[in-house]
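Structure first, then comments.
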Amino acid sequence: MQLTDRQLEIIEIVKKDQPITSENIAVKLNLSRSALRNDLSLLNMIGILEAKTNVGYFYVEKNLSSDLKDLLSNVTVDSVMSIPVVMDEKIPVYDGVVSMFIEDVGTLFVVSDGYLAGVVSRKDFMKNIMGTSDLTGTPLGMIMTRMPNIIYAYPLESVCSAASKLINHEIDSMPVIEKVLINGEEKLKIIGRISKTTITRIFVDLVDGHLGGNE
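Counting from 93, one number per residue, gives the positions in the sequence shown under our numbering.
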């Protein structure tokens, strides 16, 4: 995974001044803490930095071995993706809420004529439930986030790239899609789902030797 110049600069600051808090890192870079949140989360997730409560960030001298890095870079989204929960945009909000809880997911993927049209998160439901009493008469299409404001992954994309998208866009999950041409128009077919839970499980499996044929 290619790190940004700012992420590399953060690593050098932590190496030199560890332990160092996020506030002090932000001061050295002349940025706000919120501007660094995604960078620090990513560096912590991939094992380059370690965060200790009330202490600060440390550089992990021996993070992932080169073999482990190579293995992780070669894991593609289609090998770890899960089954998505997909609903039509005309389905009532009430049915969407019920499905979300029954399936125990944080995001529903919404389709129009069978192709990706939007996503609905728990926040979307909470915001709209508070503002309306007509849950059976309001379709999902009325409250969903629509294209092109949807982040998605491709089946042959590396999980490192997918993890970066989840963190950088501050989302819990995203659809895995295939592009198809219908009457000359590009459509997105949903074939899977990848989430922060998926990424966490991958790291656990890598450590336990259950991924990549190391059993």
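Built from N, CA and C at the ideal position, the CB exists for glycine as well.
With 16 or more neighbouring CB atoms inside 10 Å of its own CB, P267 falls in the buried class. Where M179 is concerned, the enclosing beta strand (DSSP E) starts and stops at 178 to 180.
When DSSP reads this structure, M266 sits in a beta bridge with I286. Minimum Cα-Cα distance from A209 among the listed residues M192, P240, I221 corresponds to P240. With at least 16 other beta carbons inside 10 angstroms of its own, S265 counts as buried.
In this structure, A254 keeps its C-beta atom at 8 Å or more from the C-beta atom of V177. Proximity of the region 172 to 187 to the region 229 to 238 meets the contact definition, three or more beta-carbon pairs being nearer than 8 Å. Assignment of beta strand (DSSP E) within the region 178 to 233, counting only whole runs of 3 or more residues, yields 178 to 180, 199 to 204, 207 to 213 in chain order. Around the beta carbon of T96, a 10 Å sphere encloses fewer than 16 other beta carbons of the protein chains shown; the residue is thus reported as exposed. The region 246 to 261 and the region 280 to 292 touch, with three or more beta-carbon pairs separated by less than 8 Å. Shown here, T237 sits in a strand according to DSSP, grouped into three states.
When C-alpha distances from V211 are compared across I263, I138, T228, the shortest belongs to I263. DSSP places V272 within a strand segment (E or B) once states are collapsed to three. At a Cβ-Cβ threshold of 8 Å, V106 and Y151 count as neighbours. A distance below 6 Å between beta-carbons, with the five flanking residues on each side excluded, links S174 to the following residues of its chain, in chain order: R285.
With 16 or more neighbouring CB atoms inside 10 Å of its own CB, V185 falls in the buried class. Contact between E101 and L132 is absent: CB atoms are separated by about 12 Å, not below the 8 Å threshold. The beta-carbon distance between I269 and Y246, rounded to whole angstroms, is 7 Å. This is short enough to meet the 8 Å contact definition. Around the beta carbon of D196, a 10 Å sphere encloses fewer than 16 other beta carbons of the protein chains shown; the residue is thus reported as exposed.
A distance below 6 Å between beta-carbons, with the five flanking residues on each side excluded, links L227 to the following residues of its chain, in chain order: V185, Y186.
With contacts defined as CB atoms closer than 8 Å, S114 and L128 qualify as a contacting pair. Here L258 carries a helix assignment [DSSP, helix/strand/coil].
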